[in-house]
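**Student:** Sequential numbering of the sequence shown, starting at 18, is according to the working numbering. The C-beta atom is built at its ideal place from N, Cα and C for all residues, glycine as well. Just passing along the structure, written as structure tokens.
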Amino acid sequence: MMIDPNDMREILFNISKSIIIPSFGNLTKNQISYKNGIDIVTDIDIAVEQDLDNQLSKLIKNSYFIGEEIYSKNPSILKYYLSDEYCWTVDPIDGTNNFAKTKERFAVMVALTKNKKIIQSFIYKPMTDDFMCADHTGAFYKDKKINIKKKSLIENAVGSISTKYWDDTIKINILNIKNNFREINSYGSIGCEYFDMALGLRDFTLLSRLNPWDHIPGVYIVRKSGGHDCHFDKIEYKFYENSNNLIVSNSEVLSNKILKLIEEK
18 MMIDPNDMRE
28 ILFNISKSII
38 IPSFGNLTKN
48 QISYKNGIDI
58 VTDIDIAVEQ
68 DLDNQLSKLI
78 KNSYFIGEEI
88 YSKNPSILKY
98 YLSDEYCWTV
108 DPIDGTNNFA
118 KTKERFAVMV
128 ALTKNKKIIQ
138 SFIYKPMTDD
148 FMCADHTGAF
158 YKDKKINIKK
168 KSLIENAVGS
178 ISTKYWDDTI
188 KINILNIKNN
198 FREINSYGSI
208 GCEYFDMALG
218 LRDFTLLSRL
228 NPWDHIPGVY
238 IVRKSGGHDC
248 HFDKIEYKFY
258 ENSNNLIVSN
268 SEVLSNKILK
278 LIEEK
């Protein structure tokens, strides 16, 4: 089963218009809290996730739903990925810190999976009304198929590197490679980074911790636009496995060069 991208865009547009945009710059302290004492969450994250749960369940009856905020209360829901039923994965606001600080780089991300396979993914940027999607035929932006720009030179590459959650055995190696690239910076929203990577505006990201709602939509879009993803053992990302340490880039050539750089350090 495939969802019409126009239907998904309309859902995300309407949720943004009714819930996200009116709250941008208008959050009160009472609407902001922390889960696990570390990660910020707002009442808007929760409201968007609940709305998406209601609407997506109507698109595909008996489908499962995994959301970032629901997971924080019930981690066992990850078992849905092993089911033979359709499963939605949602990050209601990717870049919550940016949203709370009135910075416009944040996104709503949605993915549809079944039988350990990604069927479709969608990224929507509320502040610019930008929408990107992918399915088995490719990745699309403004109704045009995307073919990612492949830049293979390390010294010309622009991307991001996670600064925490690395295993102690490789942490020093990871942090020591930064100066080899043209520029290292983080948007504070991995969804927005994936979006720009597919458009050729960024070249890679080097990730430690892999929460599925953060990465299924974007990895799939980059993959279907001609990019590349792999763990340090060169196996591609499998969202249904508990894994860490991932490279997502514009090409296999660049991924291999980054891996070699890590090994040499």
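Drop a sphere of 10 angstroms on the beta-carbon of T59, count the other beta-carbons inside from all chains shown, and report buried for 16 or more, exposed for fewer.
**Tutor:** buried
**Student:** In the DSSP assignment, find the unbroken alpha helix (DSSP H) run with M25 in it and report its ends.
**Tutor:** Looking at the DSSP string, the run of the alpha helix (DSSP H) that includes M25 is 22-32.
**Student:** Specify, as a first and last residue, the run of the beta strand (DSSP E) that Q137 falls within.
**Tutor:** Start and end: 134-142.
**Student:** Kindly list the residues whose CB is nearer than 7 Å to the CB of L76, restricted to its own chain and excluding five residues on each side of it in sequence; keep chain order.
**Tutor:** I20
**Student:** In terms of DSSP beta bridges, what is R199 paired with?
**Tutor:** Answer is none; R199 lacks a bridge partner.
**Student:** Ignoring anything shorter than 4 residues or poking outside the segment 207-272, list the alpha helix (DSSP H) runs there in chain order.
**Tutor:** 207-215, 229-241
**Student:** Please say whether Y98 and S80 have beta carbons closer to each other than 9 Å?
**Tutor:** no
**Student:** How about I37 and Q72: do their beta carbons lie closer than 9 Å?
**Tutor:** In this structure, Q72 does not lie closer than 9 Å to I37 by Cβ.
**Student:** How long is the line joining the alpha carbons of E52 and E85, rounded to whole angstroms?
**Tutor:** Here residue 52 turns out to be Lys, not Glu, going by the sequence shown. Between K52 and E85, the C-alpha separation is close to 11 Å.
**Student:** Contact check, F212 vs G176 under 8 Å by CB: the rounded distance?
**Tutor:** That belief does not hold up - the Cβ atoms of F212 and G176 are roughly 14 Å apart, past 8 Å.
**Student:** Helix or strand or just coil, what does DSSP make of S179?
**Tutor:** coil
**Student:** When DSSP builds the beta bridges, which residues end up paired with A124?
**Tutor:** D111
**Student:** Are three or more beta carbon pairs between the segment 139-159 and the segment 251-263 nearer than 8 Å?
**Tutor:** no
**Student:** Could you round the C-beta distance between D231 and R240 to whole angstroms and report it? I think they count as a contact, below 8 Å.
**Tutor:** Going by Cβ atoms, the distance from D231 to R240 rounds to 15 Å, so no, they are not a contact pair.
**Student:** Throw me the rounded Cβ distance for the T113 and D62 pair, which I believe falls under 8 Å.
**Tutor:** 6 Å
**Student:** Under the DSSP definition of a beta bridge, which residues are partnered with A151?
**Tutor:** The partner list for A151 (beta bridge, DSSP) reads S138, A156.
**Student:** Would you check if the distance between the CB atom of N164 and the CB atom of S242 is smaller than 9 Å?
**Tutor:** Against a cut-off of 9 Å, the Cβ pair of S242 and N164 comes out as a contact.
**Student:** Hey, how far is the Cα of L223 from the Cα of A64?
**Tutor:** In this structure, the CA atom of L223 is about 31 Å from the CA atom of A64.
**Student:** So, are the CB atoms of I49 and A117 less than 9 Å apart?
**Tutor:** The answer is yes: Cβ separation under 9 Å.
**Student:** Who are the near neighbours of F256 in its chain, counting only those whose CB is closer than 6 Å to its CB and skipping five residues on each side?
**Tutor:** P229, I233
**Student:** Start and end of the alpha helix (DSSP H) containing D68?
**Tutor:** 60-76
**Student:** Going by beta-carbon coordinates alone, are D111 and G244 separated by less than 9 Å?
**Tutor:** No, they are not a contact pair.
**Student:** Could you check which residue in L276, W105, E210 has the C-alpha nearest to that of T13?
**Tutor:** Residue coverage of the chain in this structure runs from 18 to 282, which leaves residue 13 outside it and unanswerable.
**Student:** Any idea what DSSP makes of T106, helix, strand or coil?
**Tutor:** strand
**Student:** Of all the options L216, A156, F221, which has the alpha carbon lying nearest to the alpha carbon of S203?
**Tutor:** F221
**Student:** Using 10 angstroms around the beta-carbon of N43, count the other beta-carbons present and answer buried if the total reaches 16, otherwise exposed.
**Tutor:** So N43 ends up on the exposed side.
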